[in-house]
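Numbered according to my numbering, the sequence shown spans residues 164 to 673.
I have placed the structure first, in the form of structure tokens, so that the comments after it can refer back to it.
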Amino acid sequence: NPLPPRATPPPASVTEEPQRIAGWAFVDALRAPLRKTIPGQPIAILHAGQRLDILAATEDRAWLFVRWRPEADTPPQTGWVRAEDVRYFVDPQDIPILCPGGCTASANATPAPTSNQGQVTARKLNLRAGPGMDQAILTQLRRGDQVQVMGRSDNGQWLNVTSEAGFTGWVAARWIAFPGNVEELPVLRRASTAAAILPTPQGLILFQDRPGGTIYAIRADGTGLRRLSTGLDPALSPGADQAAFTRWSSEGDGVYILDLATGRERMIWRDNKPRSPAWSPDAQALVFDHITGDVLCRDAPVGCISDDQLRAIFHGHECGFLPLLGHVCIDDLPQKHRQILGLRTLTLATRDVHDPLSSHARAPRHHPQQPWLIALSDAGVIRVNESGDPPSLLIHHGFLGAPVFSPDGRFIYVSRKDGDSWNIWRYNSDGSGAVALTQPPRLRDRPVSHVAPAVSPDGRFILFLTDRRGKWELWIMHSDGSHQRPFAPQALADIAFDFDFSPARMLDWQ
Numbered sequence: 164n165p166l167p168p169r170a171t172p173p174p175a176s177v178t179e180e181p182q183r184i185a186g187w188a189f190v191d192a193l194r195a196p197l198r199k200t201i202p203g204q205p206i207a208i209l210h211a212g213q214r215l216d217i218l219a220a221t222e223d224r225a226w227l228f229v230r231w232r233p234e235a236d237t238p239p240q241t242g243w244v245r246a247e248d249v250r251y252f253v254d255p256q257d258i259p260i261l262c263p264g265g266c267t268a269s270a271n272a273t274p275a276p277t278s279n280q281g282q283v284t285a286r287k288l289n290l291r292a293g294p295g296m297d298q299a300i301l302t303q304l305r306r307g308d309q310v311q312v313m314g315r316s317d318n319g320q321w322l323n324v325t326s327e328a329g330f331t332g333w334v335a336a337r338w339i340a341f342p343g344n345v346e347e348l349p350v351l352r353r354a355s356t357a358a359a360i361l362p363t364p365q366g367l368i369l370f371q372d373r374p375g376g377t378i379y380a381i382r383a384d385g386t387g388l389r390r391l392s393t394g395l396d397p398a399l400s401p402g403a404d405q406a407a408f409t410r411w412s413s414e415g416d417g418v419y420i421l422d423l424a425t426g427r428e429r430m431i432w433r434d435n436k437p438r439s440p441a442w443s444p445d446a447q448a449l450v451f452d453h454i455t456g457d458v459l460c461r462d463a464p465v466g467c468i469s470d471d472q473l474r475a476i477f478h479g480h481e482c483g484f485l486p487l488l489g490h491v492c493i494d495d496l497p498q499k500h501r502q503i504l505g506l507r508t509l510t511l512a513t514r515d516v517h518d519p520l521s522s523h524a525r526a527p528r529h530h531p532q533q534p535w536l537i538a539l540s541d542a543g544v545i546r547v548n549e550s551g552d553p554p555s556l557l558i559h560h561g562f563l564g565a566p567v568f569s570p571d572g573r574f575i576y577v578s579r580k581d582g583d584s585w586n587i588w589r590y591n592s593d594g595s596g597a598v599a600l601t602q603p604p605r606l607r608d609r610p611v612s613h614v615a616p617a618v619s620p621d622g623r624f625i626l627f628l629t630d631r632r633g634k635w636e637l638w639i640m641h642s643d644g645s646h647q648r649p650f651a652p653q654a655l656a657d658i659a660f661d662f663d664f665s666p667a668r669m670l671d672w673q
């Protein structure tokens with residue numbers, strides 16, 4: 164959404180390109196054009212999750228003047244992005260006003276249409292890989308988006324277009340306002356009339372209805388729902404014949420294994436509030452997190468963080484700006500004790516244990532082929548070697564859910580919070596190549612989130628939780644983010660899901 168209207172006193176107005184950073188933002192749209200002027204052609208395409216330095220804004224706050232560095236060793240670029248395409252973290256009163264393009268154009272101006280330019284008239288319009296309803300959805304366009312019309316299908320019902328963000332695909336012609344004659348456009352493809360045929364997912368799925376609640380199993384085709392037990396963070400063994408989970412009770416906190424054939428469960432290890440057990444690829448060991456101590460910190464909207472971390476956010480000062488709170492001082496924030504979590508590996512045959520990392524790590528997952536694992540730290544997703552070497556940071560972000568590998572180990576899937584919503588993201592296994600697979604609706608009256616991804620054994624599907632329809636439900640999509648739909652809605656109709664945005668493992672799939 165555009166930045167809120169200016170409060171008094173008005174911000175500084177500048178006519179030359181500013182250098183002082185007023186704040187920062189993340190790209191919220193899948194792709195967002197960076198423009199040198201308003202209006203103007205894109206000089207670069209920004210991708211979801213990329214960080215921007217905010218330097219200035221237009222007077223109506225519809226556009227932000229930002230600085231962006233494509234790579235660490237390349238010079239930065241500056242330009243204009245639409246405010247609705249980003250999530251910003253700055254007090255609006257601190258952003259100076261810059262008159263774009265030498266004050267020759269309104270900030271809300273749109274480029275004059277060309278003979279091949281069209282405009283989206285639907286509130287949301289799917290851009291598809293081909294001319295037909297059975298074709299994969301590449302992204303969604305919004306009402307008012309400008310597109311370049313390149314051609315049509317043989318029946319004229321589909322148009323081949325390129326969006327401002329650089330996507331090329333097919334849209335239904337009736338939702339494009341096009342001043343030209345559609346019949347004169349070149350025919351590029353024959354339209355498909357087949358109904359969408361979606362493959363049937365395979366395998367077995369474990370899920371819990373809420374963290375620490377009831378654990379269920381269901382086949383990936385939506386049949387065979389059964390209740391298994393109660394506990395935390397269920398994980399299927401590689402052979403899908405056993406389930407590991409943890410439970411905290413008056414009998415003691417421990418790690419449990421359940422035989423799926425017989426239903427027999429047993430505690431195999433006692434520990435201090437263990438969570439998130441994960442099987443080794445050979446099913447001979449479990450790694451989990453547990454409490455190793457506690458530390459005093461400040462309770463803030465950005466998390467429970469130390470005084471030194473707050474001073475870093477405040478650029479060395481005792482007071483500064485925090486999202487949701489505005490201008491605050493360190494002593495204004497209440498102190499509380501925060502638990503320190505570390506990782507522990509348990510060899511099942513011998514009950515031997517060792518600790519790959521004793522602090523600041525939780526929600527571990529083994530790499531399917533390599534002798535290392537990933538886990539969450541305060542800074543993001545880290546790589547941890549079983550040998551105890553210092554961890555390395557793969558994904559730098561402060562608000563992430565429990566990560567999971569693709570079956571071949573090429574990708575990491577994780578839920579991530581930007582602004583008021585959580586979404587499913589895909590990264591390469593080295594932390595590069597961030598791609599947002601879900602997005603909240605542009606028009607909404609509340610935060611909408613997509614969390615807790617689990618990947619199918621063949622890597623083709625992702626199961627996840629979402630509250631997009633007002634309550635938590637299981638949904639499924641293809642691993643590229645397309646064909647998002649409810650999972651087994653009839654079988655799961657009587658299960659009331661809940662989620663607390665902790666790094667809980669709600670789902671597992673083998």
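Even for Gly, the Cβ is constructed at its ideal location relative to N, Cα and C.
None of these values were measured; they are calculated from a predicted model.
Is residue i near residue j, with beta carbons less than 9 Å apart?
i    : j    : result
A615 : L670 : yes
S521 : G543 : no
W231 : Q213 : yes
A398 : P437 : no
L600 : W585 : no
Q303 : V324 : no
V418 : I431 : yes
P531 : P570 : yes
R623 : H641 : yes
G376 : T393 : yes
S413 : A407 : no
A524 : D630 : no
Among the options, which has the Cα closest to the Cα of residue i?
i    : options                   : result
T241 : D248, A219 and D257       : A219
V345 : R631, G387, Q280 and L301 : Q280
W442 : S584, A207 and I537       : I537
H646 : P181, P233, A246 and A292 : A292
M313 : T284, R352, R305 and T200 : R352
F189 : I454, K580 and N548       : K580
D317 : S326, G295 and H490       : G295
P566 : C492, Y590 and L322       : Y590
I184 : I208, G385 and L215       : L215
E247 : R305, G479 and S595       : R305
V547 : R507, A512 and I217       : R507
W672 : I625, E636, D297 and F664 : I625
N435 : A448, G426 and D416       : D416
W338 : P497, T284, L395 and A446 : T284
D643 : I575, G479, P233 and R224 : I575
Tell me, to the nearest whole angstrom, how far the beta carbon of residue i is from that of residue j; I am working on the premise that it is less than 8 Å.
i    : j    : result
L391 : Y379 : 6 Å
F228 : L261 : 5 Å
R245 : A207 : In fact, because the Cβ distance is near 14 Å, the residues do not count as touching under 8 Å.
L290 : F330 : 6 Å
Can you give me the C-alpha to C-alpha distance between residue i and residue j, rounded to a whole angstrom?
i    : j    : result
V253 : G456 : 34 Å
F562 : P666 : 10 Å
V618 : L423 : 20 Å
A403 : R573 : 22 Å
P239 : H560 : 21 Å
R382 : R501 : 39 Å
K634 : F627 : 13 Å
G564 : L539 : 8 Å
D541 : I454 : 15 Å
R410 : R429 : 11 Å
A299 : K287 : 16 Å
S578 : E347 : 46 Å
C460 : D470 : 7 Å
V516 : W535 : 16 Å
A510 : W638 : This sequence places Thr at residue 510; Ala is not what is there. Cα to Cα, T510 sits roughly 35 Å from W638.
Q602 : A192 : 8 Å
I558 : I545 : 7 Å
G483 : P464 : 13 Å
P349 : W321 : 12 Å
D462 : F662 : 21 Å
A211 : T200 : 21 Å
I658 : L388 : 11 Å
A270 : G186 : Interpretation of A270 is limited by its pLDDT of 40, a score under 50 that renders its predicted location unreliable; no figure is taken from the coordinates.
P486 : P181 : 24 Å
D518 : G596 : 31 Å
T221 : E481 : 31 Å
G582 : Q371 : 27 Å
Distance cutoff 9 Å, beta carbons only. Does residue i sit that close to anything in chain B?
i    : result
L391 : Of the protein chains in the structure, only one exists, and it is not chain B.
- Task: List in chain order: all unbroken beta strand (DSSP E) runs of 3+ residues lying wholly within the stretch 398-461.
- Result: 405-410, 417-422, 428-433 and 438-442
- Query: Taking only runs of the beta strand (DSSP E) that begin and end inside the stretch 274-350, which ones reach a length of at least 3 residues, in chain order?
  - Reply: 280-283, 287-291, 300-305, 309-316, 321-326 and 331-335
- At which residue ranges does the stretch 189-247 contain complete beta strand (DSSP E) runs of 3 or more residues, listed in the order of the chain? 194-198, 205-210, 214-220, 226-231 and 240-245
- Please specify which runs of the beta strand (DSSP E), each continuous and at least 3 residues long, are wholly inside the stretch 597-668, giving them in chain order. 613-618, 624-629 and 636-641
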